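Chains as they are written, first to last, in our numbering: chain B, 144 to 257; chain D, 502 to 615.
Scroll down for the structure; my scribbles are underneath it.
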């Protein structure tokens, strides 16, 4: 079985501030972890993924995430927020079913103020 | 390469009717997965197809069904629609069903049941 918990349904930051979106996972096998972003009325776009090659994963648009096995976490960060980062972010895990099926967290809405 | 396409983008139906949604994967992708997104339940996995065979299935009633054609295009059908079926239905394609494989999402079909 696998599950994902995203802490905070909404996170507000000022433009230029650090972005930190939290994700904790549970998996009975070594997990594959993903962060997706969803803009209004659009599908999901992959930001980055962890596949055990390196614990610090760099993605698109300046985002990165660090896999911490001891904390079962995969938090998403960006040093400086931009207005265009305002969107909903989803953490997901795959692996325990043996397929590429994704189990998603509930999502975190990132709000960026000028 | 063209991305995942879904048709129609918007659909309005009444309770008791049935509906068919279509998904065309990225060229060369043979795996297609379907997800339901609602404000209350978030993103939930419906089913995954590979080479015209259903490989994995989520926890949805039998009113939800799908199929995949020889060209990898997929359709999902919902019969006897209920108000709770109102959702964004997302299709994702991938090169295979191997766990950890990246899934590429389409823009979704917004279904409203009245």
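We put the CB at the ideal spot given by N, CA and C, even for glycine.
Treat the numbers as computed from the prediction; the structure is a model and nothing was measured.
Between the region 512–526 of chain D and the region 540–555 of chain D, do at least 3 Cβ pairs fall closer than 8 Å? Segment contact: the region 512–526 of chain D against the region 540–555 of chain D, fewer than three CB-CB distances shorter than 8 Å; contact not assigned.
Cα-Cα, which of 226/B, 248/B, 247/B is closest to residue 162/B? Nearest of 226/B, 248/B, 247/B to residue 162/B, Cα basis: 226/B.
Give, in chain order, every residue of the region 580–608 of chain D whose Cβ lies closer than 7 Å to some Cβ of chain B. When C-beta distances to chain B are compared with 7 Å, the residues of the region 580–608 of chain D below that value are 591, 595, 598, 599, 600, 601, 602, 603, 604, 606, 607, 608, in chain order.
Does the region 572–589 of chain D touch the region 235–250 of chain B, meaning 3 or more C-beta pairs lie closer than 8 Å? In short, these stretches do not touch, since the Cβ pair count stays below three.
Of all Cβ atoms in chain B, is any one closer than 8 Å to the Cβ of residue 522/D? The C-beta of residue 522/D comes no closer than 8 Å to any C-beta of chain B.
So, residue 567/D versus residue 560/D, is the Cβ gap smaller than 8 Å? The criterion of a C-beta distance shorter than 8 Å is not satisfied by residue 567/D and residue 560/D.
Which residues of the region 538–569 of chain D have a Cβ closer than 7 Å to any Cβ of chain B? Give them in chain order. Hits within the stretch, in order: 543, 544, 546, 549, 556, 557.
Can you tell me the Cβ-Cβ gap for residue 527/D and residue 606/D, rounded? I've got them flagged as a contact below 8 Å. The beta-carbon separation of residue 527/D and residue 606/D, rounded to 11 Å, does not stay under the 8 Å limit for a contact.
Less than 8 Å between the beta carbons of residue 549/D and residue 534/D, yes or no? Yes, Cβ-Cβ distance for residue 549/D and residue 534/D is below 8 Å.
Residue 158/B to residue 197/B span [Cα, whole Å]: A straight line joining the alpha-carbon of residue 158/B with that of residue 197/B spans about 29 Å.
Contact check, residue 236/B vs residue 174/B under 8 Å by CB: the rounded distance? Confirmed, Cβ separation roughly 5 Å.
If the cut is a Cβ gap below 7 Å, which residues of chain D does residue 247/B touch? Close to residue 247/B, with beta-carbon spacing below 7 Å, are these residues of chain D in chain order: 543, 544.
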